[in-house]
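Visitor: Here's a structure for you.
In the working numbering, the protein residues as written are 4 to 418.
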């Protein structure tokens, strides 16, 4: 019983970190990881391990900014940084998030269409309507609880991988020993993996949700209490990021052990990914993959739309927050509705679903250096953080990532 009680206590303590980590494995990420496994086998598996410390440090920085300041990144930029920077970053985040929402809705509709023979458009509209209804009508504490349970469904990818025969010795070797392929396509794939794994919108969501969580606590904040809250937030971030990369790890393995192994390197649609899994790995693996796609979209779209709405609300000084109903925070909720509807329309302009998902990840990778630098600078700004600025080891890891992402972005553009 003590073990069960500890597990219950641990589960209850998880919040924004777990939701952020799980939402990182959205349909666009799943497609990128599947493509990585299909095109390059286990050659990109090392990224699931290599990105973990970078994710942890940056999400810790973002979370600490929100927890200490009580504001999100956009709110702090409005107070402490030039207006042009705030406008540029907000425009970038909102634009990329809307594109990602469109890609995710399209991916979910394609997956559901494999088991429910309804038109793609009808499914996409139904998905959008349900997510909008949930997001704008459910209070934050209920929404957070719902998103945590949806996150558990992503273990379907772990289960799917165990339905096929795996060479674990080779898998663990490739996980810790990087394999580099000298080609533009491989480099673009690595940038896409880093871009979709260390997604800029996650920084905004983590900071905002920590600030939102803090608003629900009615207590006098002391240094000891803030230190304790930061410690709890770190544990939440560790759990969330490890969960995220565990799912990444198994999706790449699944792609490598099915598609790559059978010489299938070009995947046209999400439907093809799930459909081709059936003869290669069995019906249950295909069903689990579909369940994972749908669950990841249900989890990620509220995060994408919510982080866009938070950014605009902080830019214009609107009342915001999921705990404020539609009538109390009308503009905030209207942005969520508009972002989802615009995202819904994007795939119907003739863009290929998998191409949208893949190139969205590449765009994230190209935009990341600027936003990573912003998080690092803000986390070290005494005007924002007071005495709670980042420590040296965190800065070293964060600047290492900034260097890697900048170099990768430059190489992708010039090659």
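A virtual CB, placed ideally from N, CA and C, is assigned to each residue, including glycine.
Remember, it's a predicted structure, so these values are computed and weren't measured experimentally.
Using the Cβ count rule (16 or more neighbours within 10 Å means buried), how would you classify residue 385?
Guide: Here residue 385 is taken as the residue at index 382 of the chain shown, counted from 1. Counting Cβ neighbours within 10 Å, residue 385 comes out exposed, since fewer than 16 surround it.
Visitor: Rounded to whole angstroms, what's the CA-CA distance from residue 108 to residue 349? Just pull it up for me.
Guide: Taking the chain shown and counting its residues from 1, one reaches residue 108 at position 105. Taking the chain shown and counting its residues from 1, one reaches residue 349 at position 346. The straight-line gap from Cα to Cα measures roughly 10 angstroms.
Visitor: What did DSSP end up calling residue 22 once you bin it into helix, strand or coil?
Guide: As a first step, residue 22 is located in the chain shown; it is residue number 19 there, counting from the start. Of the three classes helix, strand and coil, the one that applies to residue 22 here is helix, per DSSP.
Visitor: If I follow the unbroken alpha helix (DSSP H) through residue 394, where does it start and stop?
Guide: Taking the chain shown and counting its residues from 1, the one referred to as residue 394 is at position 391. Following the DSSP letters along the chain, one finds residue 394 in no alpha helix (DSSP H), marked with neither H nor E.
Visitor: Please report how far the alpha carbon of residue 4 lies from the alpha carbon of residue 320, in whole angstroms.
Guide: In the chain shown, the residue the question calls residue 4 occupies position 1. In the chain shown, the residue the question calls residue 320 occupies position 317. Here residue 4 scores only 49 on pLDDT, less than 50, and its place in the model should not be relied on; the value that follows carries that caveat. Approximately 49 angstroms between the Cα atoms of the pair.
Visitor: Following the continuous alpha helix (DSSP H) through residue 56, name the residue where it begins and the one where it ends.
Guide: In the chain shown, residue 56 corresponds to position 53, counting from 1. From DSSP, the alpha helix (DSSP H) with residue 56 extends over 49-72.
Visitor: Tell me where the alpha helix (DSSP H) around residue 307 begins and ends.
Guide: In the chain shown, residue 307 corresponds to position 304, counting from 1. 286-319 is the extent of the alpha helix (DSSP H) around residue 307.
Visitor: Please name the residue, chosen from 70, 103 and 47, that lies closest to residue 29 on a Cα-to-Cα basis.
Guide: Mapped onto the chain shown, residue 29 falls at position 26. Cα-wise, what sits closest to residue 29 is 103.
Visitor: With distance defined between alpha-carbon atoms, name the residue in 120, 206, 248 and 180 nearest to residue 370.
Guide: Here residue 370 corresponds to residue number 367 of the chain shown, with the count starting at 1. Per the Cα distances, 206.
Visitor: What does the Cβ neighbour count give for residue 188, buried or exposed, with the cut at 16 atoms within 10 Å?
Guide: Position 185 of the chain shown, counting from 1, holds the residue named residue 188. Burial call: exposed.
Visitor: Hey, which unbroken runs of the alpha helix (DSSP H) at 4 residues or more fall wholly within the stretch 142-197?
Guide: 143-155, 159-164 and 171-179
Visitor: Among 113, 244 and 232, which one has its Cα closest to the Cα of residue 60?
Guide: Numbered from its first residue, the chain shown carries residue 60 at position 57. Nearest option by C-alpha distance: 244.
Visitor: Looking at the secondary structure, which residues open and close the alpha helix (DSSP H) in which residue 107 lies?
Guide: Residue 107 sits at position 104 when you count from the first residue of the chain shown. Element bounds for residue 107: 86-116.
Visitor: Grab the span of the alpha helix (DSSP H) containing residue 386 for me, first residue to last.
Guide: For the purposes of this step, residue 386 is taken as the residue at position 383 of the chain shown. 385-388 is the span of the alpha helix (DSSP H), which, as asked, contains residue 386.
Visitor: Starting from the C-beta of residue 112, find all residues in its chain whose C-beta is less than 7 angstroms away, skip the five residues before and the five after it, and write them out in chain order.
Guide: Position 109 of the chain shown, counting from 1, holds the residue named residue 112. The residues are 123, 126, 127 and 130.
Visitor: In its own chain, which residues sit with a C-beta less than 6 angstroms from the C-beta of residue 262, not counting the 5 before and 5 after it?
Guide: The residue given as residue 262 occupies position 259 in the chain shown. In chain order, 41 place their CB closer than 6 angstroms to the CB of residue 262, counting only its own chain and leaving out the 5 sequence neighbours on each side.
Visitor: Between which two residues does the alpha helix (DSSP H) containing residue 82 stretch?
Guide: Along the chain shown, one-based indexing puts residue 82 at 79. Looking at the DSSP string, the run of the alpha helix (DSSP H) that includes residue 82 is 76-83.
Visitor: For residue 351, does the count of other Cβ atoms within 10 angstroms reach 16, so buried, or fall short, so exposed?
Guide: If you number the chain shown from 1, residue 351 lands on position 348. It is exposed - the Cβ of residue 351 has fewer than 16 other Cβ atoms within 10 Å.
Visitor: Given this structure, state the Cα-to-Cα distance separating residue 345 from residue 180, to the nearest angstrom.
Guide: Along the chain shown, read from residue 1 onward, the residue named residue 345 stands at position 342. Along the chain shown, read from residue 1 onward, the residue named residue 180 stands at position 177. Their Cα atoms are separated by approximately 42 angstroms.
Visitor: Taking 7 angstroms as the cut-off, is the CB of residue 160 close to at least one heavy atom of the ligand HEM?
Guide: For the ligand HEM, the structure offers nothing, since it holds no ligand at all.
Visitor: Among residues of its own chain, excluding the 5 on either side of residue 253, which ones have a beta-carbon nearer than 7 angstroms to its beta-carbon?
Guide: The residue you call residue 253 lines up with position 250 of the chain shown. The answer, listed in chain order, is 160, 161 and 164.
Visitor: Hey, would you say residue 367 sits closer than 8 angstroms to residue 405, going by beta carbons?
Guide: Within the chain shown, the letter at position 364 stands for residue 367. Within the chain shown, the letter at position 402 stands for residue 405. The Cβ atoms of residue 367 and residue 405 lie no closer than 8 angstroms to each other.
Visitor: Give every residue of the same chain whose Cβ lies closer than 6 angstroms to the Cβ of residue 22, excluding the five residues on either side of it in the sequence, and list them in chain order.
Guide: Taking the first residue of the chain shown as 1, we reach residue 22 at position 19. If you ignore the 5 residues before and after residue 22, its C-beta comes within less than 6 angstroms of the C-beta of 150, all in its own chain and listed in chain order.
Visitor: What three-state label does DSSP hand residue 270 in the structure shown?
Guide: On the chain shown, residue 270 is found 267 positions in, with the first residue counted as 1. It is coil, neither helix nor strand.
Visitor: Select from 71, 394 and 410 the residue whose C-alpha is nearest the C-alpha of residue 228.
Guide: Taking the chain shown and counting its residues from 1, one reaches residue 228 at position 225. For the residues 71, 394 and 410, the minimum Cα distance to residue 228 belongs to 71.
Visitor: Using beta-carbon positions only, say whether residue 106 and residue 255 come within less than 8 angstroms of one another.
Guide: Reading the chain shown from its first residue, position 103 is the one you call residue 106. Reading the chain shown from its first residue, position 252 is the one you call residue 255. No, the pair does not count as a contact, with Cβ atoms beyond the cut-off.
Visitor: When the Cα atoms are used, what is the spatial distance from residue 269 to residue 35?
Guide: Position 266 of the chain shown, counted from the start, is the residue given in the question as residue 269. Position 32 of the chain shown, counted from the start, is the residue given in the question as residue 35. One C-alpha to the other measures close to 12 angstroms.
Visitor: Can you tell me whether residue 29 is helix, strand or coil according to DSSP?
Guide: To locate residue 29, count along the chain shown from 1; it is residue 26. Look at residue 29 here: in three-state DSSP terms it is coil, with no helix or strand label.
Visitor: Leaving out five residues on either side along the sequence, give the residues of the same chain with a beta carbon under 6 angstroms from the beta carbon of residue 142.
Guide: Within the chain shown, numbered from 1, the residue matching residue 142 stands at position 139. Counting only Cβ-Cβ distances below 6 angstroms, and skipping sequence neighbours, we find 326.
Visitor: Are the CB atoms of residue 25 and residue 247 nearer to each other than 8 angstroms?
Guide: Numbered from 1 along the chain shown, position 22 holds the residue referred to as residue 25. Numbered from 1 along the chain shown, position 244 holds the residue referred to as residue 247. Yes.
Visitor: To the nearest angstrom, how far is it from the Cα of residue 381 to the Cα of residue 232?
Guide: As a working note, residue 381 is residue 378 in the chain shown. As a working note, residue 232 is residue 229 in the chain shown. Taking the straight line joining both Cα atoms gives about 19 angstroms.
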